[in-house]
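Visitor: Have a look at this one before I ask anything.
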Amino acid sequence: MPALEIDDLNKIQIDGLFEVVPTFVETGTFLGETIAKMEPFFETLHTIEIKQEFYLRLVTSYKGNKIKFHLGDSSSKLKQVCQLLETDTLFFLDGHWSAGITGRGEKDCPLYEELENIVKYCKHNCIIIIDDVRLFGKGPNKGNEVCNWENISVDNVLKIVNDRLTKHYFIDSTIDKKDRLILHLYK
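Following the UniProt record's numbering, the numbering of the sequence shown begins with 1 at its first residue and continues without gaps.
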């Protein structure tokens, strides 16, 4: 759940990231911290938020022209966004319920649906950052989390993207070691 920082992007294993990947897509806008931090580095940005209150607050306060805001559940809305993309794209997948005031869809963690939409509808090279890997496999039935990620695993993620996957590795977040999974997908 911590915001993505420029230091995180510097850990991505690709030369000239901002020249080769001019588009940024985020699921889970929340309060807009990540999208605001990423705006200076990308030509085009999209962010998806399920909670109308957060979406409206950000849309009405935004004064720029680079960020496109989308209201809806990322498990379905990401398909539409992917169909709009015209360049290689960096995705930050953080569109999950984190308890408290965060937005909640039909699933606590729609990660598999997000990945399936990217693989099927994004026709360009992609770098995907999956946030909160430390929560994979956890949930209320395991007695250790209120949010249900019990069916989420790295193995299943890799199976979904396997046909386009060229590289994967982990980077640290401010919360935990190896808390972000990075996937490189070839078109």
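Note that CB positions come from ideal geometry on N, CA and C, so glycine has one too.
Compute the Euclidean distance between the alpha carbons of residue 73 and residue 46, then round it to the nearest angstrom.
Guide: In a straight line, the C-alpha of residue 73 is about 14 Å away from that of residue 46.
Visitor: Please report how far the alpha carbon of residue 108 lies from the alpha carbon of residue 161, in whole angstroms.
Guide: Taking the straight line joining both Cα atoms gives about 21 Å.
Visitor: Taking the C-alpha atoms as reference points, what is the distance between residue 53 and residue 181?
Guide: Whole-angstrom Cα-Cα distance: 29 Å.
Visitor: In terms of alpha-carbon separation, which member of 75, 27, 126 and 116 lies closest to residue 17?
Guide: Considering only alpha carbons, the answer is 126.
Visitor: Helix, strand or coil: which one does DSSP assign to residue 82?
Guide: Three-state DSSP puts residue 82 in a helix.
Visitor: Which residues in the same chain have their Cβ closer than 6 Å to the Cβ of residue 130, if we skip the five residues on either side of it in sequence?
Guide: The residues are 93 and 181.
Visitor: Answer yes or no: do residue 118 and residue 165 have a C-beta to C-beta separation smaller than 8 Å?
Guide: Not in contact: residue 118 and residue 165 (Cβ atoms no closer than 8 Å).
Visitor: Answer yes or no: do residue 218 and residue 3 have a C-beta to C-beta separation smaller than 8 Å?
Guide: The question about residue 218 has no answer, for the chain in this structure spans 1 to 187.
Visitor: Name the residue from 115, 75, 25 and 30 whose alpha carbon lies nearest to the alpha carbon of residue 43.
Guide: Of 115, 75, 25 and 30, the residue nearest in Cα terms is 25.
Visitor: For the candidate residues 151, 169 and 8, whose alpha-carbon lies nearest to that of residue 139?
Guide: Answer by Cα proximity: 151.
Visitor: Going by DSSP in three states, residue 25 sits in which element: helix, strand or coil?
Guide: The answer is strand: DSSP assigns residue 25 an E or B state.
Visitor: From 21, 40, 61 and 57, pick the residue whose C-alpha is nearest to that of residue 185; which is it?
Guide: The option with the nearest alpha carbon to residue 185 is 21.
Visitor: For residue 121 and residue 81, I'd like the C-alpha separation in whole angstroms.
Guide: Taking the straight line joining both Cα atoms gives about 9 Å.
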